[in-house]
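Trainee:
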Amino acid sequence: MELSADLRSIQQARDFLEMASKAQQIYKEFTQEQVDKIVKAMAEAGEAASEKLAKLAVENTKMGRFEDKILKNKFATRNVYESVKDLKTVGIVHKSADGKVWEVAEPMGVIAALIPTTNPTSTALYKAIIALKSRNAIVMAPHPKAILCTLESVNVVRDAAERAGAPKGLIHCMTEVSIVGTEELMRHKLTNVILATGSSAMVKAAQSTGKPAYGVGSGNVPSYVDRTAKLDKAIRDIISSCSFDNGTLCSTERSIIVDAPVKAQVLDLLKKYKAAFLSAEDTKKLEKYAVPGGKLNPDVVGQLAVKIAQGAGISVPADTRVLVAEIQKVGKEDPLSMETLSPILSFFTVNGWQEGCERSMQILNFGGIGHTMSLHSSDEKVITEFALKKPAMRIVVNSMSSLGAVGFTTNLPPALTLGCGTWGGSITADNITPVHLLNIKRIAFETREYTANWMGTSSTKSISAKEETTVSKVKRPEPYLTPYKPKANREVVEGKSTQVQPILTPVRTSEPVHSWIEEIEDRIRSKAGNVHPPKEEKPVAKPEIRTEAKPVKVTESLPISDDSISNLIKKFSKS
3 MELSADLRSI QQARDFLEMA SKAQQIYKEF TQEQVDKIVK AMAEAGEAAS EKLAKLAVEN
63 TKMGRFEDKI LKNKFATRNV YESVKDLKTV GIVHKSADGK VWEVAEPMGV IAALIPTTNP
123 TSTALYKAII ALKSRNAIVM APHPKAILCT LESVNVVRDA AERAGAPKGL IHCMTEVSIV
183 GTEELMRHKL TNVILATGSS AMVKAAQSTG KPAYGVGSGN VPSYVDRTAK LDKAIRDIIS
243 SCSFDNGTLC STERSIIVDA PVKAQVLDLL KKYKAAFLSA EDTKKLEKYA VPGGKLNPDV
303 VGQLAVKIAQ GAGISVPADT RVLVAEIQKV GKEDPLSMET LSPILSFFTV NGWQEGCERS
363 MQILNFGGIG HTMSLHSSDE KVITEFALKK PAMRIVVNSM SSLGAVGFTT NLPPALTLGC
423 GTWGGSITAD NITPVHLLNI KRIAFETREY TANWMGTSST KSISAKEETT VSKVKRPEPY
483 LTPYKPKANR EVVEGKSTQV QPILTPVRTS EPVHSWIEEI EDRIRSKAGN VHPPKEEKPV
543 AKPEIRTEAK PVKVTESLPI SDDSISNLIK KFSKS
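Residue 3 is where the sequence shown starts when you use my numbering, and the numbers rise one by one after that.
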């Protein structure tokens, strides 16, 4: 009987994990030289296949721009490799300046990697390279709409790795893809860590497995244009960034916030750089098509601006790269303010950077908190205020946000998985690199000697033989409990001072002392005419016990009155 698609997916996940685990047990013993040789071969092969993979990605997913996907593939191989090629990931990777702390790198094991449909080939190349650089194995689960291009990307780097000496079975890509199969991949006992890039739902699923997970969710990136900005470059950067690969990078600008004094110039520059500024009527049409009922229409994701305009029934020039829609509010009332993963920009006008700050906060809190924002300004005070106040882990200044956040136009670590910190539900705020896929052991040598004082010797001084003889002759008292000495508390009632009877505490003394309970019993027996002869007490050795208070004899002020004793006698006497 033929297995169902779900069962085939589950079984494939298990098979790949088992093979990856066995291969990783071999690979973790490789030297740094062997690892670096393999990673270099993977990067070179991936870069050489950039055009082929870009074409296949566009054909397979029907998203993005061919020329931009080439750049993303080269970035994911060449740029990522250049940033990690000298990184030590084997053995002792660091020693402190004084040599008292060593750091030893250990691989995490088998990585379960989720690959998005928006960046399928570049993300697969990038994750394979950082996984093997840190001596891990990796099993990838592609998006169902991007299986072919993701699989081919994996084949390219896997073949190169094995030719360079990597053990077989170290890199896998699932072809039987289903939700239950992906869940099995993430939850399986052989999976050591999850590297999730994709939708918020996918990331939440990864984080709920109980496995260590690097989850990177959505980004709703605002871009503030200050009155001090170099406007021509700022608008060119924003339009180039928003249209790059048709807005499929999560670090792409989704809103432009313009300082009122420069609005007119910005509108002219938008037209210059082939952005269509929509009328109020066309904005409503776009909203109805792109975010019907406040939910993103998947048909706009990664599509050309002209194609989106046609779908919305809007007429724009044939060379339009970005659709700009002016709106007034952020949130469900104006759903175009959400992340659309497309070349659509919402447009806001503010009066001054303080209002720009507030509007940016609103946008980040509407689906992009912790991720990225961009800022165009020449005023250091404005830049500082944004840096200190904005809940975004990457604030890209005077550059393209889409490529700046991933480290292409900035000096951030090159990566295609960007942590959002705890604000965005992620365990890290970093751009993910091989360092995040390593366990670091630390070997610590003593720097401050300490001798415990539990034997009565000094913790800082050695005792000579003569001193030890003297100390041994000193008679040490036996341990004793210092009796509690109640304070004579006083209460003031209606201006009168009243002595409060202290709580009686048993105290060890050299003479026998009756407890108050024994005293009551004696008095009850006396009143009942049932007096027993005193018990014959055996002599007891008097212990040597130190006390800091005189023995207390309980002879009066008992916590029970004579009337109460009489009542007890009547209650319990025989009729």
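Quick reminder that beta carbons are idealized off the backbone N, C-alpha and C, glycines included.
#1: Of all the beta strand (DSSP E) runs that stay within the bounds of the segment 217-299, which reach a length of 3 or more residues?
#2: Taking a contact to mean a Cβ-Cβ separation below 8 Å, would you say Ala15 touches Met176 in this structure?
#3: Decide yes or no for the touch test of the segment 202-216 against the segment 376-386: beta carbon pairs closer than 8 Å, at least 3 of them.
#4: Should the segment 261-281 be called in touch with the segment 228-237, which here means at least 3 C-beta pairs below 8 Å?
#5: Can you name the start and end residues of the beta strand (DSSP E) that Thr199 belongs to?
#6: May I ask which residues mark the beginning and end of the alpha helix (DSSP H) holding Arg396?
#7: Per the DSSP calculation, His438 is bridged to which residue(s)?
#8: From Gly409, Ile94 and Ala133, pick the residue whose C-alpha is nearest to that of Ala446; which is it?
#9: For Ser124 and Asp336, I'd like the C-alpha separation in whole angstroms.
#10: From this set, Asp100, Pro263 and Ser380, which residue's C-alpha is nearest Thr449's C-alpha?
#11: Report, in whole angstroms, the separation of the C-beta atoms of Gly221 and Gly370, which I expect to be a contact under 8 Å.
#12: With a cut-off of 8 Å on the beta carbons, I'd call Met110 and Ala126 a contact; round off their distance for me.
#13: Please report how far the alpha carbon of Leu325 lies from the alpha carbon of Ala50, in whole angstroms.
#14: Taking the alpha-carbon positions, what's the Ala139 to Val205 distance?
#15: At what residues does the alpha helix (DSSP H) containing Lys391 begin and finish?
#16: Rounded to the nearest angstrom, what separates Leu251 and Asn121 at their Cα positions?
#17: Where does Leu405 sit, in a helix, a strand or coil, going by DSSP?
#18: Evaluate Asp321 with the Cβ neighbour count: other Cβ atoms within 10 Å of its Cβ, from every protein chain shown; 16 or more gives buried, anything less gives exposed.
#19: With distances taken from CA atoms, which of Ser253, Lys147, Asp247 and Glu46 is nearest Ala166?
#20: Closer than 8 Å by C-beta to Val293: which residues in its own chain qualify, once you throw out the five before and the five after it? Chain order, please.
#21: Taking 7 Å as the limit between beta carbons, can you name the residues of its chain near Thr411, skipping five residues before and five after?
#22: Closest to Thr435 by CA distance: which of Glu53, Ala22 and Tyr83 is it?
#23: Given a cut-off of 8 Å on the beta-carbon distance, is the pair Leu377 and Tyr226 in contact?
#24: Let's test the definition: count the other Cβ atoms within 10 Å of the Cβ of Trp355 and tell me whether it reaches 16, buried, or not, exposed.
#25: Determine the direct distance from the alpha carbon of Gly421 to that of Val351, and round the result to whole angstroms.
#26: Which runs of the beta strand (DSSP E) spanning at least 3 residues fall entirely within the segment 67-111, listed in chain order?
#27: Given a cut-off of 8 Å, decide if Ala394 and Gly372 are closer than it, judged by their beta-carbon atoms.
#28: Got a sec? Which residues, its chain only, sit under 8 Å from Asn441 by beta carbon, not counting five neighbours each side?
#29: Could you say which of Leu439, Gly304 and Gly313 lies nearest to Phe68 if we only look at CA atoms?
#30: Once the 5 residues before and after Gly409 are set aside, which same chain residues still bring their CB inside 7 Å of it?
#31: Taking DSSP as the reference, what is the three-state secondary structure of Gly372?
#32: Considering Leu55, what are the terminal residues of the alpha helix (DSSP H) in which it resides?
#33: Apply the 10 Å Cβ neighbour rule to Arg396 and answer buried if 16 or more other Cβ atoms are within range, or exposed otherwise.
#34: Within 10 angstroms of the Cβ of Thr33, are there 16 or more other Cβ atoms? Answer buried if so, exposed if not.
#35: When the Cα atoms are used, what is the spatial distance from Leu116 to Leu55?
#36: Counting pairs of beta carbons, one from the segment 327-334 and one from the segment 307-317, are three or more of them closer than 8 Å?
Mentor: Here's the rundown:
#1: 223-227, 255-261 and 277-279
#2: Here the question's residue 15 lines up with position 13 in the sequence shown. Here the question's residue 176 lines up with position 174 in the sequence shown. Yes, they are a contact pair.
#3: no
#4: yes
#5: Taking the first residue of the sequence shown as position 1, residue 199 is located at position 197. Its beta strand (DSSP E) spans residues Val195 to Thr199.
#6: Looking up residue 396 in the sequence shown gives position 394. That residue, Arg396, is in no alpha helix (DSSP H); its beta strand (DSSP E) goes Ala394 to Val399.
#7: Numbered from its first residue, the sequence shown carries residue 438 at position 436. Paired residues: none, contrary to the question.
#8: Mapped onto the sequence shown, residue 446 falls at position 444. Of the candidates Gly409, Ile94 and Ala133, the one whose C-alpha sits nearest the C-alpha of Ala446 is Ile94.
#9: Here residue 124 is taken as the residue at index 122 of the sequence shown, counted from 1. Here residue 336 is taken as the residue at index 334 of the sequence shown, counted from 1. Rounded to whole angstroms, Ser124 to Asp336 spans 33 Å at the Cα level.
#10: Within the sequence shown, residue 449 is the residue found at index 447, counting from 1. The shortest C-alpha separation from Thr449 is found at Asp100.
#11: To locate residue 221, count along the sequence shown from 1; it is residue 219. To locate residue 370, count along the sequence shown from 1; it is residue 368. Indeed they touch by this definition, with Cβ atoms about 5 Å apart.
#12: Along the sequence shown, read from residue 1 onward, the residue named residue 110 stands at position 108. Along the sequence shown, read from residue 1 onward, the residue named residue 126 stands at position 124. With 8 Å as the limit, Met110 and Ala126 do not qualify as a contact, their Cβ atoms being about 19 Å apart.
#13: On the sequence shown, position 323 is the one that residue 325 refers to. On the sequence shown, position 48 is the one that residue 50 refers to. Spanning the two alpha carbons is a distance of roughly 34 Å.
#14: Taking the sequence shown and counting its residues from 1, the one referred to as residue 139 is at position 137. Taking the sequence shown and counting its residues from 1, the one referred to as residue 205 is at position 203. Approximately 21 Å, taken between the alpha carbons.
#15: As a working note, residue 391 is residue 389 in the sequence shown. Looking at the DSSP string, the run of the alpha helix (DSSP H) that includes Lys391 is Glu382 to Lys391.
#16: Counted from its first residue, the sequence shown places residue 251 at position 249. Counted from its first residue, the sequence shown places residue 121 at position 119. When rounded, the distance between both Cα atoms is 7 Å.
#17: In the sequence shown, the residue the question calls residue 405 occupies position 403. DSSP places Leu405 in helix when its eight states are reduced to three.
#18: Here residue 321 is taken as the residue at index 319 of the sequence shown, counted from 1. The residue in question, Asp321, is exposed, as its Cβ has fewer than 16 Cβ neighbours within 10 Å.
#19: Translated into positions along the sequence shown, residue 166 becomes position 164. Of the listed residues, the one whose Cα sits closest to Ala166 is Glu46.
#20: For the purposes of this step, residue 293 is identified with residue 291 of the sequence shown, where counting begins at 1. Only Asn299, Pro337, Leu338, Met340 and Thr342 meet the Cβ criterion.
#21: For this step, residue 411 is matched to residue 409 along the sequence shown. If we look at Thr411 and ignore the five residues flanking it on each side, its Cβ neighbours are Ser401, Met402 and Leu405.
#22: Taking the sequence shown and counting its residues from 1, one reaches residue 435 at position 433. Nearest of Glu53, Ala22 and Tyr83 to Thr435, Cα basis: Tyr83.
#23: Here residue 377 refers to the residue found at position 375 of the sequence shown. Here residue 226 refers to the residue found at position 224 of the sequence shown. In this structure, Tyr226 lies closer than 8 Å to Leu377 by Cβ.
#24: Residue mapping note: residue 355 aligns to position 353 of the sequence shown, counting from 1. Buried, since its Cβ has 16 or more Cβ neighbours within 10 Å.
#25: Within the sequence shown, numbered from 1, the residue matching residue 351 stands at position 349. Within the sequence shown, numbered from 1, the residue matching residue 421 stands at position 419. Sequence inspection shows Thr at residue 351; the Val mentioned does not correspond to that position. For Thr351 and Gly421, the distance between alpha carbons rounds to 30 Å.
#26: 93-97 and 103-109
#27: On the sequence shown, residue 372 is found 370 positions in, with the first residue counted as 1. On the sequence shown, residue 394 is found 392 positions in, with the first residue counted as 1. Contact: yes.
#28: Working through the sequence shown from its first residue, we reach residue 441 at position 439. Cβ neighbours of Asn441 beyond the five flanking positions: Ala107, Glu108, Pro109 and Met110.
#29: If you number the sequence shown from 1, residue 68 lands on position 66. Out of Leu439, Gly304 and Gly313, Gly304 has the C-alpha closest to the C-alpha of Phe68.
#30: Here residue 409 refers to the residue found at position 407 of the sequence shown. Closer than 7 Å at Cβ, skipping near neighbours: Pro415, Pro416, Ala417 and Asn433.
#31: Working through the sequence shown from its first residue, we reach residue 372 at position 370. The answer is strand: DSSP assigns Gly372 an E or B state.
#32: Here the question's residue 55 lines up with position 53 in the sequence shown. Leu55 -> alpha helix (DSSP H) spans Ser52 to Thr63.
#33: In the sequence shown, residue 396 corresponds to position 394, counting from 1. It is buried - the Cβ of Arg396 has at least 16 other Cβ atoms within 10 Å.
#34: The sequence position of residue 33 within the sequence shown is 31, counting from 1. Exposed, because fewer than 16 other Cβ atoms sit within 10 Å of the Cβ of Thr33.
#35: Locating residue 116 in the sequence shown gives position 114, counting from the first residue. Locating residue 55 in the sequence shown gives position 53, counting from the first residue. Roughly 18 Å separates the two Cα atoms.
#36: no
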